[in-house]
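Participant:
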Amino acid sequence: MSRAATATHHSAEPTAQRPDLASPEKAKKGAAPEGKVYGSPGPPGSEGAVPSSGSEAPHSHKNGEGAWRCELAFWLKMEEPHEISCTGGRESDIVTEEYLAGSKECASHVQLACSAEFCAFPLDGNQLCLWGCRGPSHELLILQGHLQSITAITFGNLETPLLICSASQDVVMIWNLDGCREKVLQGLLPRGTIMSTLLRKVLCLRFSPDDHVVAVGSGNTVFMLDVKDHAVLVELEGHQGPVTAVEFCPWQSHMLISLSEDRSFKVWDHIMGSIIFSSSILTAYPLLSLHIHEESQQLITGCADGQLWVFSLIEGHHYRCMARMDLRKKSETFFTRREKSGVYSLQGASELDMGTQSRVARPVLSLSPCHLPHRKSSGSRGLSSATEYARCLWIGSSAELFLFNLANLEMEAVLRFKDFGSLSVQVAGSCAVMSETINYKTYCLLTSMFENKIAVLEINLAALVRSQQCLGPGKALSVLASSCVLPTSPLCFGAFKEKRTKPAGQKLHAVQRGTEARPVVFHTKVRSFGYAAAPRKTMFSPKTNIKNDGKRSSKCKNSYKCEEYPLEKSLPSRLSKQVAVAQEPTAVSCIQYSGNGQWLAFGLANHLSLVLDASLSGIPAAFSGHDGAVSSICWSHDGRWLLSAARDWTLRMWSVSRKKIMLLLGRDVLPRPVQAAQFYYMDTFILLSSGPELWLLKYHLDTCKDELKRYKPRSSYKLICKLSLSNAADVTSLSAVNDFYSYIVLTAGRDRTLEVFDFNAGCSAAVIAEAHSRPVHQICQNTGSSFTTQQSQAYNLFLTTAVGDGVGLWDLRTLRCERRFQGHPNRSYPCGMALSPCGRFLVCGAEDRHVIPLRSGSPCLKPTDWQQSKPGYFSTHAGIQAYLYELGSSAFCCCLAGHTDTVSAVSFNPAGPQGHGLL
């Protein structure tokens, strides 16, 4: 099979007649096309005539009037495209080389352009070539008017008329492509319009959203040219190096953003000719590419060493950096996950090639928007509906194309040119990508770095993503229990009471002896009270709003006053209360509200655990006994018991009402210090982590109040099972639901992996490699609250956080990170996080002494009260604005200020309106 048609336009002889437009058979395979017309338009209003070969165009012109030399070629039929097969013979349907052109000059550092209809590139230096994307004929236009080599090309934003602007060192020209095609059909020669002349080398061009203005980056200056009057409106000066990229803000027509080789970006008011913001130096390498994402109102920039920055353009954010990514590290993480999940790279790509590829610099040549095909919606209005479809970004580099998800800041796919050995361009010097939103076709325009080749690739987006998807778990995972407890399950020990065997010679009590419903007093049968009925096997399930459409039940077993979550209330705005919990400044390491929202427990670094009224009033109850800082604290589901773990290698269970210890596990039992501990399975078990192991303990508490026997500890525990992480790494965090029956336990290892355990089967269910760039220090599940309702699928969402890597939102059903939150500084100290009871807000601490409440999409519910803590203090904020993350965005709205140190722990009150956030 032959390659797609190769054009050698410079070798074609000119003819005075146009080809027969109705006879596509005249285009001969393997030869230069016929019908090439050379012409030069005469004075304005005259028809074009064939000039002599020595005719030249003038070097300057006013208002675009005068004669210019123009060349046009119209190709009626291209040869059938050649489907490029990869090295190992696999995935041949992913990429197709549709067009290949040879040029006299190398166009390795030229701003290319792609639109929905054309791909535009320079040919032979000073010719503007447009390859048609639509239709089987692939219309080809060659426009000539530049005398020097073209350095930048851009398309207009409007479909009618479709404009294109090209620039060289001598002139900037604009073309009306609709008019050009009409001229061709009429037998006339199209002409371009001069916008400006005698500029320095132009590296970038961009049309305004209404196509009335063109921004031209020439040298250190940005020239604003009027399309209608062909005049310079304003000159924006201020960069210390050549301007490499410019972009208009879609929602603010007066705003223009420019990048430069001085390694900074500037925000301009191009109407007033003034600067709005100037960034600091971002990196040691020049900034090359720029993209403004309108939906999330974010600015994405890329530089020559493969670094990406994301800045927020939301009003009031002051152009704050939201995230920073390294393409090399992201690529390594992507291939590591695929390898561990059983999906390998293309055949023929050895591990040595992967290692060499990871060390090569990846300059960000282009940034283009892309929409992945729709994924099945989870059906929840809250967190679970955060990604019905992914908003992605094509990142063009010298050796690869990256498909980058803007929601979770992760790679969706990587297309390496060397994996497809038949591609003509293996190392790109310039790149432009265009994705269609209807059929998800992607066209990639490449120019070779070292050769005079230009290629157009068609990429099957769905096939590319499908070929590189990580394998999920063998069965669907869900936090909600969907089956009965297995007889061999470790949980079966606590599901039903153990049958007691009758010792020899021992009589059982009459109540214990009765197994049938028999009349006790009367001689007639009476209705049984159910004492001998079989134990219920129907498990408790969390409250959802599927059947009652979100309406709360009128009955409430808890005496605590239940408040609804109002939609109309505004955000908090004032500090209401501050309470000191220690005489000396003491760090608060962990906090948690009781299930009814009436009590608050927190662990301190001074070895104490305190319980305080949720209103922050009264004297806190102190629980002393640990010899180290308390690292973990947990309430039981009924609120009667408190579990605390400390760095003194002990785990203690306390009676909240009696303020005494009920159970103690020390060094004689635990081989390693307890990193995390909690109640599990509706207070049936204690779940803890010790080193790389998970321990499931069944406990019995002696609640006898006999003062004479209080010196005899009669509480006991029994080890049910031990489970270890697959890679034998230490457990850094664990999480399991205790508000309802669930078999799933989530763990994080020091090797940066997440592992899901199914305690019904008693084994590991799934492993997620490279979840964060550093070990996860906290896992937070969406457990909801008894005071609000959520849909059942929302419980499958959970959060993870790591130092320096923000917060990740995961879906247990897909084992994918659906969103990243990186708007808060968290570079060196582990900061806590919490989900609101409604499941729509995330609050997390930060190192800049702020509290960051974040919205995770969907309808906005406003919090009414938030609480914060300083070292040794608690403070309640009523009305300070929160950081809100919009759908598919990592930008925050606001923060809760007032701290004097790093916020290390946060919690929501499950009973208050939208929850009181405590830090």
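Heads up: the sequence shown begins at 1 in UniProt numbering, then just goes up one per residue.
Where is the CB? At the ideal position from N, CA and C, for every residue including glycine.
1) When DSSP labels each residue in this structure, what does residue 769 get in the three-state scheme?
2) Can you give me the start and stop residues for the beta strand (DSSP E) that residue 724 sits inside?
3) Am I right that residue 447 and residue 429 are in contact with their C-beta atoms under 8 Å? What's the rounded C-beta distance?
4) Just checking, does the region 205-218 make contact with the region 245-256 on the three C-beta pairs under 8 Å criterion?
5) If I measure Cβ to Cβ from residue 311 and keep anything under 6 Å in the same chain, skipping five residues before and after, which residues do I get?
6) Could you check the C-alpha separation between residue 908 and residue 590 for me, to the nearest Å?
7) Might you give, ordered along the chain, the residues of its own chain that have their beta carbon closer than 6 Å to the beta carbon of residue 127, omitting 5 neighbours on each side?
8) As an exercise, report each continuous alpha helix (DSSP H) stretch of at least 4 residues that is fully enclosed by the region 421-491, in chain order.
9) Consult DSSP for residue 746 and reduce its assignment to one of helix, strand or coil.
10) Is the CB-CB distance between residue 692 and residue 724 below 8 Å?
11) With the cut-off set at 8 Å, would you say residue 453 and residue 102 are in Cβ contact?
12) Please report the Cβ distance between residue 155 and residue 113, rounded to the nearest whole angstrom; I am assuming they are in contact, meaning their Cβ atoms lie under 8 Å.
13) Let me make sure I understand the geometry here. Which of 463, 836 and 249 has the alpha-carbon closest to that of residue 93?
14) For residue 315, is the classification buried or exposed, using 16 other Cβ atoms within 10 angstroms of its Cβ as the cut-off for buried?
15) Given that a residue counts as buried once 16 or more other Cβ atoms are within 10 Å of its Cβ, and exposed if not, what is residue 814?
16) Exposed or buried, what is residue 727 when buried is set at 16 or more other beta-carbons lying within 10 Å of its beta-carbon?
17) Tell me the residue span of the beta strand (DSSP E) that contains residue 334.
18) Alpha carbon to alpha carbon, what distance is there between residue 585 and residue 901?
19) Going by C-alpha to C-alpha distance, which of 244, 338 and 759 sits closest to residue 486?
20) Whose C-alpha, out of 308, 632 and 297, is nearest the C-alpha of residue 285?
21) Would you kindly work out how many angstroms separate the C-alpha atoms of residue 600 and residue 656, rounded to a whole number?
22) Does the region 626-634 come close enough to the region 668-686 that 3 or more CB-CB pairs lie under 8 Å?
23) Counting only the same chain and skipping the five closest in sequence on each side, list residues whose C-beta sits under 6 Å from that of residue 416.
24) Roughly how many angstroms separate the alpha carbons of residue 627 and residue 779, rounded to a whole number?
25) Is residue 282 helix, strand or coil by DSSP?
26) Check each candidate in 910, 839 and 221 and name the one with the smallest Cα separation from residue 792.
27) Taking the CB atoms as reference points, tell me whether residue 410 and residue 392 lie closer together than 8 Å.
28) Please report the Cβ distance between residue 588 and residue 604, rounded to the nearest whole angstrom; I am assuming they are in contact, meaning their Cβ atoms lie under 8 Å.
29) CB residue 812 to CB residue 796, shorter than 8 Å?
30) Roughly how many angstroms separate the alpha carbons of residue 624 and residue 645, rounded to a whole number?
31) Count the other CB atoms within 10 Å of the CB of residue 565; is the residue buried (16 or more) or exposed (fewer)?
32) Would you identify the three-state DSSP class for residue 532, choosing helix, strand or coil?
33) Between the Cα of residue 641 and those of 679, 650 and 620, spot the shortest distance and give me the residue it belongs to.
34) For residue 583, tell me which candidate among 598, 595, 608 and 594 has the shortest Cα-Cα distance.
35) According to the neighbour-count rule (16 or more other Cβ atoms, all chains shown, within 10 Å of its Cβ), is residue 757 buried or exposed?
36) Could you give the C-beta distance for residue 199 and residue 222, rounded to a whole number, given that I count them as a contact under 8 Å?
Facilitator: According to the data block:
1) Position 769 of the sequence shown, counting from 1, holds the residue named residue 769. In this structure, residue 769 counts as coil in the three-state DSSP scheme.
2) Taking the first residue of the sequence shown as position 1, residue 724 is located at position 724. From DSSP, the beta strand (DSSP E) with residue 724 extends over 716-724.
3) Here residue 447 refers to the residue found at position 447 of the sequence shown. Here residue 429 refers to the residue found at position 429 of the sequence shown. Indeed they touch by this definition, with Cβ atoms about 5 Å apart.
4) yes
5) Start at 1 with the first residue of the sequence shown, and residue 311 comes out as number 311. Answer for residue 311: 299, 319 and 321, listed in chain order.
6) The residue given as residue 908 occupies position 908 in the sequence shown. The residue given as residue 590 occupies position 590 in the sequence shown. Each residue's Cα considered, the two are about 13 Å apart.
7) Counting from one through the sequence shown, the residue named residue 127 turns up at place 127. Excluding sequence neighbours, residue 127 sits near 142 and 144.
8) 461-467
9) Within the sequence shown, the letter at position 746 stands for residue 746. Strand, per DSSP.
10) Along the sequence shown, one-based indexing puts residue 692 at 692. Along the sequence shown, one-based indexing puts residue 724 at 724. Yes, these two residues count as a Cβ contact at 8 Å.
11) In the sequence shown, the residue the question calls residue 453 occupies position 453. In the sequence shown, the residue the question calls residue 102 occupies position 102. Contact: yes.
12) Counted from its first residue, the sequence shown places residue 155 at position 155. Counted from its first residue, the sequence shown places residue 113 at position 113. Rounded, the Cβ-Cβ distance is 5 Å, consistent with contact.
13) As a first step, residue 93 must be located in the sequence shown, where it is residue number 93. Comparing Cα positions, the closest option is 463.
14) One-based indexing of the sequence shown puts residue 315 at position 315. Burial call: exposed.
15) For the purposes of this step, residue 814 is taken as the residue at position 814 of the sequence shown. Residue 814 comes out buried.
16) Translated into the one-based positions of the sequence shown, residue 727 becomes position 727. That one is exposed.
17) As a working note, residue 334 is residue 334 in the sequence shown. Unbroken run through residue 334 is the alpha helix (DSSP H), 327-341; no beta strand (DSSP E).
18) Position 901 of the sequence shown, counted from the first residue, corresponds to residue 901. Position 585 of the sequence shown, counted from the first residue, corresponds to residue 585. Taking the straight line joining both Cα atoms gives about 11 Å.
19) One-based indexing of the sequence shown puts residue 486 at position 486. Among 244, 338 and 759, the Cα nearest to that of residue 486 belongs to 759.
20) Working through the sequence shown from its first residue, we reach residue 285 at position 285. Answer by Cα proximity: 308.
21) Along the sequence shown, read from residue 1 onward, the residue named residue 600 stands at position 600. Along the sequence shown, read from residue 1 onward, the residue named residue 656 stands at position 656. Each residue's alpha carbon lies about 11 Å from the other.
22) yes
23) Numbered from 1 along the sequence shown, position 416 holds the residue referred to as residue 416. Excluding sequence neighbours, residue 416 sits near 400.
24) One-based indexing of the sequence shown puts residue 627 at position 627. One-based indexing of the sequence shown puts residue 779 at position 779. Going by the C-alpha atoms only, they are around 26 Å apart.
25) Translated into positions along the sequence shown, residue 282 becomes position 282. In the structure shown, residue 282 sits in coil (DSSP, three-state: anything other than H, G, I, E or B).
26) Taking the first residue of the sequence shown as position 1, residue 792 is located at position 792. Considering only alpha carbons, the answer is 839.
27) As a first step, residue 410 must be located in the sequence shown, where it is residue number 410. As a first step, residue 392 must be located in the sequence shown, where it is residue number 392. Their beta carbons are not under 8 Å apart, which means residue 410 does not touch residue 392 by this criterion.
28) On the sequence shown, position 588 is the one that residue 588 refers to. On the sequence shown, position 604 is the one that residue 604 refers to. With 8 Å as the limit, residue 588 and residue 604 qualify as a contact, their Cβ atoms being about 6 Å apart.
29) Residue 812 sits at position 812 when you count from the first residue of the sequence shown. Residue 796 sits at position 796 when you count from the first residue of the sequence shown. Yes, these two residues count as a Cβ contact at 8 Å.
30) Here the question's residue 624 lines up with position 624 in the sequence shown. Here the question's residue 645 lines up with position 645 in the sequence shown. So the two alpha carbons sit approximately 12 Å from each other.
31) Sequence index remark: in the sequence shown, residue 565 carries index 565 (1-based). At residue 565 the pLDDT is 46, less than 50, meaning the model places this residue with poor confidence; the figure from the coordinates comes in the next sentence. The residue is buried, with at least 16 neighbouring Cβ atoms inside 10 Å.
32) As a first step, residue 532 is located in the sequence shown; it is residue number 532 there, counting from the start. Its pLDDT being 44, under 50, residue 532 is placed unreliably by the model, and nothing is read from it.
33) Position 641 of the sequence shown, counting from 1, holds the residue named residue 641. The candidate whose alpha carbon is nearest that of residue 641 is 679.
34) Reading the sequence shown from its first residue, position 583 is the one you call residue 583. With distances taken between Cα atoms, residue 583 lies closest to 608.
35) The residue given as residue 757 occupies position 757 in the sequence shown. That one is buried.
36) Position 199 of the sequence shown, counted from the start, is the residue given in the question as residue 199. Position 222 of the sequence shown, counted from the start, is the residue given in the question as residue 222. Not quite, the Cβ-Cβ distance comes to about 12 Å (not below 8 Å), so this is no contact.
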